[in-house]
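> Take a look at this one; I'll ask things after.
Protein chains: 2
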Amino acid sequence: MARVRMSDVAVAAGVSTATVSMVLSGAGSDRISPQTQARVREAAAAIGYAPNSVARSLRTQRTRMIGLVSDTIATTPFAGRMLAGANDVARDHGNLVVLVNTDDDAAQERQAIQALTGQRVDAMIYARMWHRVVDAPAGLPADTVFLDCRPAQGGWPAVVPDDRRGGVVATRELVAAGHRRIAYVDAPRDDEVVASRLRHEGYLEVLAEAGITPDPALHVRGITDAGGGRAATEELFALPAERRPTAIFCFNDRMAMGAYTAAYRRGLRIPDDLSIVGYDDQQLIAAEIDPPLTTVALPHYEMGRWAMEVALGVRESDRDAPLLMDCPMIRRDSVGPPPTPAGN
Amino acid sequence: MARVRMSDVAVAAGVSTATVSMVLSGAGSDRISPQTQARVREAAAAIGYAPNSVARSLRTQRTRMIGLVSDTIATTPFAGRMLAGANDVARDHGNLVVLVNTDDDAAQERQAIQALTGQRVDAMIYARMWHRVVDAPAGLPADTVFLDCRPAQGGWPAVVPDDRRGGVVATRELVAAGHRRIAYVDAPRDDEVVASRLRHEGYLEVLAEAGITPDPALHVRGITDAGGGRAATEELFALPAERRPTAIFCFNDRMAMGAYTAAYRRGLRIPDDLSIVGYDDQQLIAAEIDPPLTTVALPHYEMGRWAMEVALGVRESDRDAPLLMDCPMIRRDSVGPPPTPAGN
DNA sequence: CTTCTGTGTTTAATCGATTAACTGCCGCGC
DNA sequence: GCGCGGCAGTTAATCGATTAAACACAGAAG
């Protein structure tokens, strides 16, 4: 591999390494004569010189590497979009990202933070795959950015999805279609995962603004997969006919998938007999089930970008309050007007 | 952050930096007296010393970082499992992975390879998200491992899924259940993506061994999503009754999802009226659709591990032939015996 | 003919470790 | 009493860049 050193270029061009360094880095290029500059550049190109970043980093105390520690890159299809956002920004600024997956294990997390600190990454991003409130792990450098989570203590830049607003948009979509009996198929209660609570707040807010009295029976919970969504939906169907919902807002797309199944088993057609809105915009589900699902998208790519921009210092941030990133509505075909009462 | 240098430890312990280095690295710990060793360790702990990997790398010419360049981490839910495998092995050997996503863009790929080379990563992994034959990009260091792709020219270690064998297992599952009219819902023809051809070979091989004459009408193609799978399946349903398949092997789970839709629209029940086998074991689909899908899993985690092990030199590899990694059968509920002819 | 002022380039220190080669000392054998 | 070997560490070179400070030379000013 590239065994060519700067001194080789210097010899080839008949100058000192200082000159080579100045020419190639652009610094003080006004102090070096054009002829010399050309000679240096030619020599460098001729012998195929590529700078050794390790040596440069040692001297400049900057590695141009950003550490990204995440709990689980493996088990969620979201991870990629966050990484992609961070990666794109890093690349555009000539930086590299060093990724560590900690499997949500405290010991591994500590080890990862140490390794990255030892490697002298310029900054760090601490990412979690589900919007949470976390305790900032010890040893994090001051220039750490929290991604899709926020530190309980505050004091760090952080970005999370605006889940309350997402709940608003989703519910409003249903209200706008004419629904009045709107259920919320929620995740199990968990105080660390704040998305569930926030989306519920948004849901209630819209009901209030539409003058709809919330029916507690329409707020059901289940584990956050298709099975849980199906079971929760079946609970709703068990209600007396006049209390049954004409529309369901599901905590996520997987639960929505379960709601589809429950509906079909009952002979209900979507969106004719039942409207459904999901959350997450999981490509594999939302775009592919039948009919395609109207859902609220999580801004993972944008959050990844934002976090990296702050980490690189090219964007200002507020250390006291996390940035709430907008969750856009993705309209597909699972929402329609409520069925007209029998015998229309 | 850690501004503590080795010389600070040396002063605190009243020895030279050479001694500190030897004690802390373990090398030549037989040359240093136990008392001195203890003194050094205490001093290091007391002032919170952490070695500077950049300086060490410069001296030792090893960075303990492995570069991983991949085409798309963003758009596939598989990526995570490959990364996780590679990451786990790297961690267990005290290495870090530097990830670059190139968006399948040649210019970005070149730039990434340069950046990683400049950063003096110890080895590189060149990953693609779909099993392919690729031209090895210029500039790749000699110790590069190909992951989920193999270089057309050969000469590098590479690992890919054993797609032919996957086709065999899938088809055999259907034959074993008693099916004789088995369709293959294939991806569009594409010579670079070799999975399609290989799985088809496996499919034909099993038909042959079972003494079934392949019916060309049962080999249909479509784009590799639910829509494509549904359209292709509907083609099959359009066949005269006696030529229609009782079982379908789908190129991937998304197409299988489309096959489900087509079946339900026709009033067919799975697996009673139609058996289906998918490929990929996409968690979000396979485990969650109704009924859960029997499918062939892609060994992404294992491939990621293997590639990293070879990159770190802890595993031997053959540079002439890619390793074919086994694709295990995941049995769920979408396969049953063929329906007995009407009026059983 | 000095002294001064800019240019253009070089010298050398530095970043923080690793490690080959060396030193000083003690004990032992003859 | 002298030399030799082994122990316990130290000295100093090295990795490959960056960069402040020094320097050499030419032309202008006095």
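Read top to bottom, the protein sequences are chains X and B.
To convert, count from 1 in the first sequence and add 1376; that's the working numbering.
To convert, count from 1 in the second sequence and add 1376; that's the working numbering.
Ideal Cβ positions, reconstructed from N, Cα and C, are used throughout, including at glycine.
Everything numeric in this text was worked out from a predicted model, so none of it was measured.
Going along the chain, which residues of its own chain have a beta-carbon closer than 8 angstroms to the beta-carbon of residue 1377 of chain B, five neighbours each way excluded?
Taking the first residue of the second sequence as position 1, residue 1377 of chain B is located at position 1. Its pLDDT being 47, under 50, residue 1377 of chain B is placed unreliably in this model, and the value from its coordinates should be taken loosely. Excluding sequence neighbours, residue 1377 of chain B sits near nothing in its chain.
> What beta strand (DSSP E) runs, 3 residues minimum, are completely inside the stretch 1411-1436 of chain B?
If we require 3 residues or more, the stretch 1411-1436 of chain B turns out to have no beta strand (DSSP E) run fully inside it.
> Spell out the partners DSSP gives residue 1453 of chain X in its beta bridges.
Here the question's residue 1453 of chain X lines up with position 77 in the first sequence. Note: residue 1453 of chain X sits in no beta bridge, so no partner.
> When DSSP builds the beta bridges, which residues end up paired with residue 1527 of chain X?
Numbered from its first residue, the first sequence carries residue 1527 of chain X at position 151. Looking at the DSSP assignment, residue 1527 of chain X forms a beta bridge with X:1510.
> Going along the chain, which residues of its own chain have a beta-carbon closer than 8 angstroms to the beta-carbon of residue 1457 of chain B, five neighbours each way excluded?
Translated into the one-based positions of the second sequence, residue 1457 of chain B becomes position 81. Hits under 8 angstroms: 1676, 1677 and 1680.
> Would DSSP call residue 1390 of chain X helix, strand or coil?
Position 14 of the first sequence, counted from the first residue, corresponds to residue 1390 of chain X. In the structure shown, residue 1390 of chain X sits in coil (DSSP, three-state: anything other than H, G, I, E or B).
> Taking the alpha-carbon positions, what's the residue 1674 of chain X to residue 1594 of chain X distance?
To locate residue 1674 of chain X, count along the first sequence from 1; it is residue 298. To locate residue 1594 of chain X, count along the first sequence from 1; it is residue 218. Each residue's alpha carbon lies about 24 angstroms from the other.
> Is the Cβ-Cβ distance between residue 1650 of chain X and residue 1623 of chain X less than 8 angstroms?
As a first step, residue 1650 of chain X must be located in the first sequence, where it is residue number 274. As a first step, residue 1623 of chain X must be located in the first sequence, where it is residue number 247. Yes, they are a contact pair.
> Measuring straight from C-alpha to C-alpha, what distance separates residue 1389 of chain B and residue 1415 of chain B?
Taking the second sequence and counting its residues from 1, the one referred to as residue 1389 of chain B is at position 13. Taking the second sequence and counting its residues from 1, the one referred to as residue 1415 of chain B is at position 39. Approximately 6 angstroms, taken between the alpha carbons.
> Taking the alpha helix (DSSP H) that residue 1597 of chain X falls in, what are its first and last residues?
Mapped onto the first sequence, residue 1597 of chain X falls at position 221. It is not in any alpha helix (DSSP H) - residue 1597 of chain X instead sits in the beta strand (DSSP E) that spans 1595-1597.
> Quick check on DSSP: helix, strand or coil for residue 1547 of chain X?
The count along the first sequence starts at 1 and reaches residue 1547 of chain X at position 171. Helix.
> Which residues in chain X have a C-beta closer than 7 angstroms to the C-beta of residue 1645 of chain B? List them in chain order.
In the second sequence, the residue the question calls residue 1645 of chain B occupies position 269. Those do not exist, as residue 1645 of chain B stays about 12 angstroms from chain X at its closest Cβ, beyond 7 angstroms.
> Residue 1429 of chain X versus chain B: which residues are under 7 angstroms apart at the beta carbon?
Here residue 1429 of chain X refers to the residue found at position 53 when the first sequence is read from its first residue. Simply 1494, 1495 and 1496.
> Please classify residue 1702 of chain B: is it buried, with 16 or more other beta-carbons within 10 angstroms of its beta-carbon, or exposed?
For the purposes of this step, residue 1702 of chain B is taken as the residue at position 326 of the second sequence. Flag for residue 1702 of chain B reads exposed.
> Assign residue 1700 of chain B to one of three DSSP states: helix, strand, or coil.
Numbered from its first residue, the second sequence carries residue 1700 of chain B at position 324. Residue 1700 of chain B falls in the strand class under three-state DSSP.
> Below 8 angstroms on C-beta distance, what does residue 1714 of chain X contact in chain B?
The sequence position of residue 1714 of chain X within the first sequence is 338, counting from 1. In chain order: nothing, as chain B lies at least about 24 angstroms away.
> Any C-beta of chain B within less than 9 angstroms: which residues of the stretch 1688-1707 of chain X qualify?
Per Cβ criterion, the list is empty.
> Which one or two residues does DSSP pair with residue 1446 of chain B in a beta bridge?
On the second sequence, position 70 is the one that residue 1446 of chain B refers to. Partner(s): B:1477 and B:1503.
> Counting only the same chain and skipping the five closest in sequence on each side, list residues whose C-beta sits under 7 angstroms from that of residue 1530 of chain B.
Stepping through the second sequence from its first residue, residue 1530 of chain B is reached at position 154. Once the five neighbours on either side are set aside, the close Cβ partners of residue 1530 of chain B are 1696.
> Taking the alpha helix (DSSP H) that residue 1629 of chain X falls in, what are its first and last residues?
Position 253 of the first sequence, counted from the first residue, corresponds to residue 1629 of chain X. Segment 1629-1641, the alpha helix (DSSP H) holding residue 1629 of chain X.
> Return the CA-CA distance between residue 1386 of chain X and residue 1435 of chain X, expressed in angstroms with no decimal places.
Within the first sequence, residue 1386 of chain X is the residue found at index 10, counting from 1. Within the first sequence, residue 1435 of chain X is the residue found at index 59, counting from 1. Going by the C-alpha atoms only, they are around 19 angstroms apart.
> Identify each residue in the stretch 1390-1422 of chain X for which the Cβ-Cβ distance to at least one residue of chain B is less than 7 angstroms, and report them in chain order.
Cβ contacts with chain B: none found.
> Does the distance from the C-beta atom of residue 1413 of chain B to that of residue 1399 of chain B stay below 8 angstroms?
Along the second sequence, one-based indexing puts residue 1413 of chain B at 37. Along the second sequence, one-based indexing puts residue 1399 of chain B at 23. Yes, they are a contact pair.
> Determine the DSSP secondary structure at residue 1468 of chain B, reduced to helix, strand or coil.
The residue given as residue 1468 of chain B occupies position 92 in the second sequence. Residue state, collapsed to three classes: helix.
> Which value, in whole angstroms, describes the spacing of the CA atoms of residue 1688 of chain X and residue 1474 of chain X?
As a first step, residue 1688 of chain X is located in the first sequence; it is residue number 312 there, counting from the start. As a first step, residue 1474 of chain X is located in the first sequence; it is residue number 98 there, counting from the start. If you take the alpha carbons of residue 1688 of chain X and residue 1474 of chain X, they lie about 14 angstroms apart.
> Might you give, ordered along the chain, the residues of its own chain that have their beta carbon closer than 7 angstroms to the beta carbon of residue 1550 of chain X, omitting 5 neighbours on each side?
If you number the first sequence from 1, residue 1550 of chain X lands on position 174. Cβ within range, chain order: 1558, 1623, 1625, 1651, 1653 and 1711.
> Counting only beta-carbon separations shorter than 8 angstroms, does residue 1433 of chain X have a partner in chain B?
Taking the first residue of the first sequence as 1, we reach residue 1433 of chain X at position 57. So yes, residue 1433 of chain X belongs to the interface.
> Please name the residue in B:1421, B:1578 and B:1406 whose C-alpha comes closest to that of residue 1381 of chain B.
Position 5 of the second sequence, counted from the first residue, corresponds to residue 1381 of chain B. Per the Cα distances, B:1421.
> Can you list the beta strand (DSSP E) stretches of 3 or more residues lying completely in the stretch 1570-1628 of chain X, in chain order?
You should have 1595-1597 and 1623-1626.
> Please report the distance separating the alpha-carbon of residue 1525 of chain X from that of residue 1446 of chain B.
Position 149 of the first sequence, counted from the first residue, corresponds to residue 1525 of chain X. Position 70 of the second sequence, counted from the first residue, corresponds to residue 1446 of chain B. Approximately 27 angstroms between the Cα atoms of the pair.
> Would you mind telling me which residues of chain X sit closer than 8 angstroms to residue 1476 of chain B, beta carbon to beta carbon, in chain order?
Taking the first residue of the second sequence as 1, we reach residue 1476 of chain B at position 100. Here the neighbours are 1463, 1467, 1472 and 1473.
> Within the same chain, show all residues whose beta-carbon is closer than 8 angstroms to that of residue 1708 of chain B, passing over the 5 residues directly before and after it, in chain order.
Your numbering for residue 1708 of chain B matches position 332 in the second sequence. Hits under 8 angstroms: 1662, 1663, 1667, 1668, 1669, 1670 and 1671.
> For residue 1460 of chain X versus residue 1477 of chain B, is the C-beta distance shorter than 8 angstroms?
For the purposes of this step, residue 1460 of chain X is taken as residue 84 along the first sequence, with counting starting at 1. For the purposes of this step, residue 1477 of chain B is taken as residue 101 along the second sequence, with counting starting at 1. The answer is yes: Cβ separation under 8 angstroms.
> Please name the residue, chosen from X:1505, X:1516 and X:1503, that lies closest to residue 1497 of chain X on a Cα-to-Cα basis.
Taking the first residue of the first sequence as position 1, residue 1497 of chain X is located at position 121. Comparing Cα-Cα distances from residue 1497 of chain X to each of X:1505, X:1516 and X:1503, the minimum goes to X:1516.
> At least one CB of chain X closer than 8 angstroms to the CB of residue 1564 of chain B: is that the case?
Taking the second sequence and counting its residues from 1, one reaches residue 1564 of chain B at position 188. Chain X, which has no Cβ nearer than 8 angstroms to the Cβ of residue 1564 of chain B, makes this no.
> Taking the continuous beta strand (DSSP E) assigned at residue 1686 of chain B, which residues delimit it?
What you label residue 1686 of chain B is simply residue 310 of the second sequence in a count that begins at 1. From DSSP, residue 1686 of chain B is part of no beta strand (DSSP E) but of the alpha helix (DSSP H) over 1676-1687.
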